[in-house]
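Per full-length UniProt numbering, numbering of the sequence shown is gapless, rising by one per residue and ending at 699.
Heads up, the beta-carbon is just placed ideally off N, CA and C, and yes, glycines get one too.
Down below is the structure, laid out as structure tokens.
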Amino acid sequence: RHDDLKEMLDSNKDSLKLEAMKRIVAMIARGKNASDLFPAVVKNVACKNIEVKKLVYVYLVRYAEEQQDLALLSISTFQRGLKDPNQLIRASALRVLSSIRVPIIVPIMMLAIKEAASDMSPYVRKTAAHAIPKLYSLDSDQKDQLIEVIEKLLADKTTLVAGSVVMAFEEVCPERIDLIHKNYRKLCNLLIDVEEWGQVVIINMLTRYARTQFLSPNQNESLLEENTEKAFYGSEEEDGSKDAKAETASLAKRKPYVMDPDHRLLLRNTKPLLQSRNAAVVMAVAQLYFHLAPKAEVGVIAKALVRLLRSHRSVQYVVLQNVATMSIKRRGMFEPYLKSFYIRSTDPTQIKILKLEVLTNLANETNISTILREFQTYIRSMDKDFVAATIQAIGRCATNIGKVRDTCLNGLVQLLSNRDELVVAESVVVIKKLLQMQPAQHSEIIKHMAKLTDNIQVPMARASILWLIGEYCEHVPKIAPDVLRKMAKSFTNEEDIVKLQVINLAAKLYLTNSKQSKLLTQYVLNLAKYDQNYDIRDRARFIRQLIVPTEKSGALNKYAKKLFLAQKPAPILESSFKDRDHFQLGSLSHLLNAKAVGYQELPDWPDEAPDPSVRNVEVLRAGTPWEGRGVLPAKPPPQSPELGSPCSPSEEEEEEEGAKKAKKKALQGRKDCTETSSEEASTSESSSSGSDSGSEAEA
1 RHDDLKEMLD SNKDSLKLEA MKRIVAMIAR GKNASDLFPA VVKNVACKNI EVKKLVYVYL
61 VRYAEEQQDL ALLSISTFQR GLKDPNQLIR ASALRVLSSI RVPIIVPIMM LAIKEAASDM
121 SPYVRKTAAH AIPKLYSLDS DQKDQLIEVI EKLLADKTTL VAGSVVMAFE EVCPERIDLI
181 HKNYRKLCNL LIDVEEWGQV VIINMLTRYA RTQFLSPNQN ESLLEENTEK AFYGSEEEDG
241 SKDAKAETAS LAKRKPYVMD PDHRLLLRNT KPLLQSRNAA VVMAVAQLYF HLAPKAEVGV
301 IAKALVRLLR SHRSVQYVVL QNVATMSIKR RGMFEPYLKS FYIRSTDPTQ IKILKLEVLT
361 NLANETNIST ILREFQTYIR SMDKDFVAAT IQAIGRCATN IGKVRDTCLN GLVQLLSNRD
421 ELVVAESVVV IKKLLQMQPA QHSEIIKHMA KLTDNIQVPM ARASILWLIG EYCEHVPKIA
481 PDVLRKMAKS FTNEEDIVKL QVINLAAKLY LTNSKQSKLL TQYVLNLAKY DQNYDIRDRA
541 RFIRQLIVPT EKSGALNKYA KKLFLAQKPA PILESSFKDR DHFQLGSLSH LLNAKAVGYQ
601 ELPDWPDEAP DPSVRNVEVL RAGTPWEGRG VLPAKPPPQS PELGSPCSPS EEEEEEEGAK
661 KAKKKALQGR KDCTETSSEE ASTSESSSSG SDSGSEAEA
């Protein structure tokens with residue numbers, strides 16, 4: 001196998017070796033296994049041809065972990081490669097070295113990373129940053145030394161390195177926020193020029209950083225709303241309401257919030273990235289604005305997110321997941337783009353359901369008529385899952401907006417005559433929830449639904465109808481016993497969920513109309529007593545002891561009506577995305593609605609702002625030796641006792657002599673003296689500059 005490639009690799013001609021390596025790398029790119037060529041390839045690691053060597057390193061990065069013993073034989077060659085004049089060879093050698101996951105070479109890897117972190121080439125320094133997480137996963141005891149390297153690389157001013165070192169920081173020591181302080185402003189300013197995937201990493205890191213270092217820009221508003229609610233709901237208690245009102249008044253008079261300049265710097269420098277071609281960058285900026293920006297400024301992300309809805313389906317899915325969460329709290333910013341969420345017939349089912357979710361969240365009294373007309377067209381779709389989701393969306397709209405409740409209910413009742421059984425079943429389930437809000441007004445609908453028990457075969461729909469009839473049997477006293485008679489006849493053939501509701505219906509009718517339903521109830525309970533399902537048998541025994549009076553169950557029998565016929569609260573139809581806002585937007589955990597491995601929770605805003613001076617960078621005079629990471633050299637500032645050294649004695653004496661000469665010449669009062677004084681002044685300046693240079697040279 002691959003004998004021709006092995007012969008070409010053993011050849012003395014570089015052209016044949018290059019051709020063989022190209023074919024091997026092409027095989028790897030197509031997903032084919034080329035591990036059996038490892039011995040033949042690794043021999044060429046010392047080849048002098050740079051193009052061959054590059055491809056050999058590409059191969060070794062792929063298979064070094066699988067063939068560790070053979071890779072170790074060439075480790076001296078990799079070490080020589082770290083000293084190669086070509087930066088690509090140096091970087092490739094480090095990449096291969098860090099891919100050999102053998103604990104015995106950890107010291108060699110550590111030394112190589114430290115040397116590469118000081119390399120003249122930013123590409124090699126970038127590779128060193130990539131090697132840091134590999135070494136950390138191999139030996140976590142090296143963490144302290146790796147943090148030193150990360151600290152050094154964080155001070156790098158090259159955009160090529162910034163994204164990679166922040167990624168290493170997030171992998172190794174995300175809790176070391178102090179390493180970011182001095183580099184925060186630099187990272188904000190470099191952000192626009194960093195490569196796309198580096199931008200995503202930096203933005204996510206800066207989001208967490210900002211949540212720990214700045215105050216919430218919406219703090220006063222949220223406190224004001226909270227105290228207003230307390231004052232409203234606590235109005236019965238005079239003392240409580242007075243305290244709440246006093247707090248609200250003090251908050252209203254409080255000094256307005258002033259955003260930290262560094263907080264504003266982050267928002268200003270990330271805003272242009274909303275125009276990025278990379279959807280991940282746009283999503284990262286969107287989540288940053290959602291979590292960090294004032295409410296008045298969050299709206300700028302809406303247009304960028306809507307633009308992403310024209311992208312690939314996978315991108316649409318992720319964006320719509322996040323928009324669905326955002327639209328619950330920030331409904332207003334997506335309302336102008338309502339039509340962008342209208343559903344196309346070509347959309348896959350998951351995209352359709354997410355768009356339905358967003359449309360339902362955006363529904364209000366102004367646009368509800370438009371949205372309901374749109375929903376009417378969706379019900380005629382051939383996609384049954386989508387139709388079911390549309391009916392649920394209509395139910396949510398009816399729950400949230402009272403003025404259209406009757407309209408939605410009538411529309412759903414009309415769907416009960418639909419030919420499709422699934423449409424009818426879903427309509428029944430939603431109507432049941434809506435009727436719980438005002439059952440007395442809709443007894444005719446309950447009667448109409450009772451007639452459907454002969455035709456509907458979907459278990460959930462049959463169970464919903466039976467629950468409605470049992471719950472409101474007093475509103476339909478003539479129909480309920482007849483429904484129980486029919487269900488008792490088919491009891492043994494029903495699904496378990498339907499059987500449980502038949503038992504409940506029998507119990508409720510026994511308590512309200514025992515004359516007509518006593519024998520039917522006993523018959524149903526006897527059937528359930530010998531059912532195959534344990535839950536049904538258990539339920540039947542429980543209900544028999546509760547409702548049928550005996551000598552032992554006298555006390556329980558008194559409370560049977562209160563237990564079965566108690567008034568139940570109407571169901572609240574909420575968005576399934578309501579509980580996702582505790583996950584950071586754009587994260588895998590948010591997408592799955594479950595905490596993923598490696599997820600870092602977004603910190604809460606601090607009550608008091610930490611000291612902003614930690615982000616100040618010490619400025620030193622030009623010519624003064626500067627040490628320490630993160631200290632930026634700058635132009636010499638005005639001399640002060642803190643930053644600069646006092647003037648040298650020679651400079652002070654010359655300035656005093658120049659002042660005395662000027663004073664004498666001014667007292668002479670001659671017109672010609674102006675020219676001579678200017679000449680002398682110029683000579684004194686030149687002499688002082690000469691002495692300055694001399695003193696600097698001596699220094």
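Distances from the CA of H475 to each of E196, E444, I203 were compared; the closest alpha carbon is that of E444. For L505, same chain residues with a beta-carbon under 6 Å away, outside a window of 5 residues either side, are L466, G470, L484 in chain order.
Selection Q532, T127, S327, A480 evaluated against N493 yields Q532 as nearest (Cα-Cα). Taking each of L354, K403, C408 in turn and checking the Cα distance to D385, the smallest one comes out for L354. Counting every other CB atom within 10 Å of its CB across the protein chains shown gives L153 a total of 16 or more, marking it as buried.
Inter-segment contact for the segment 261-272 and the segment 202-218 is present: three or more beta-carbon pairs are separated by less than 8 Å. As the crow flies, the alpha-carbon of L359 is around 8 Å from that of Y342.
Exclusion of the five residues before and after L415 leaves I379, I391, V423, V424, S427 as the residues of its chain whose Cβ lies within less than 8 Å of its Cβ. Sequence-distant Cβ neighbours of R101 in its own chain, meaning closer than 6 Å and more than five residues away, are E65, L138. In this structure, DSSP gives S99 a helical state, which the three-state scheme calls helix. For V319, the enclosing alpha helix (DSSP H) starts and ends at 313-329. For K182, the secondary structure class from DSSP, reduced to helix, strand or coil, is coil.
In this structure, Q67 and S35 form a Cβ contact; the two beta carbons are roughly 7 Å apart against a cut-off of 8 Å.
Runs of alpha helix (DSSP H) with 4 or more residues, each lying fully within the segment 563-602, are found at 588-592, listed in chain order. DSSP places G470 in the helix class (H, G or I) of the three-state scheme. Pairing P603 with T346 gives a Cβ-Cβ distance that is not under 8 Å. Inclusion of L179 and I203 in the CB contact set at 8 Å is not warranted, their separation being larger than that value. No residue range can be given for C47, since it is assigned to no alpha helix (DSSP H) and is classified by DSSP as neither H nor E.
For V106, the closest C-alpha among the options E19, K329, I132, L88 is that of I132. Under the three-state reduction of DSSP output, I391 falls in the helix class. When the five nearest sequence neighbours on each side are left out, the beta carbons in the same chain lying within less than 6 Å of the beta carbon of A609 are those of L215, in order along the chain. If you compare the alpha carbons of L525, D611, L72 with that of D538, the shortest gap goes to L525.
P217 sits buried, since 16 or more C-beta atoms from the chains shown fall within 10 Å of its C-beta. Where D10 is concerned, the enclosing alpha helix (DSSP H) starts and stops at 3-10. The residue from Q584, P272, L409, V258 with its alpha-carbon nearest to that of L191 is P272. When Cβ pairs closer than 8 Å are counted between the two stretches, the segment 580-600 is seen not to touch the segment 401-415, the count staying below three. Of the candidates I503, D3, I301, I503 places its Cα closest to the Cα of Y523.
Annotation: V498 to S276 spans about 54 Å, alpha carbon to alpha carbon.
Collapsing the DSSP output to three states places G299 in coil. A507 is a Cβ neighbour of I547, given a cutoff of 8 Å.
The criterion of a C-beta distance shorter than 8 Å is not satisfied by I28 and V41. Between A488 and L520, the beta carbon gap of about 6 Å places them in contact (Cβ cut-off 8 Å). With contacts defined by Cβ atoms closer than 8 Å, S164 and K126 form a contacting pair. Take the alpha-carbon of R615 and the one of C188: they are about 12 Å apart.
Under the DSSP assignment, I202 falls in the alpha helix (DSSP H) whose first and last residues are 196-213. A Cβ-Cβ contact shorter than 8 Å links L500 with I536.
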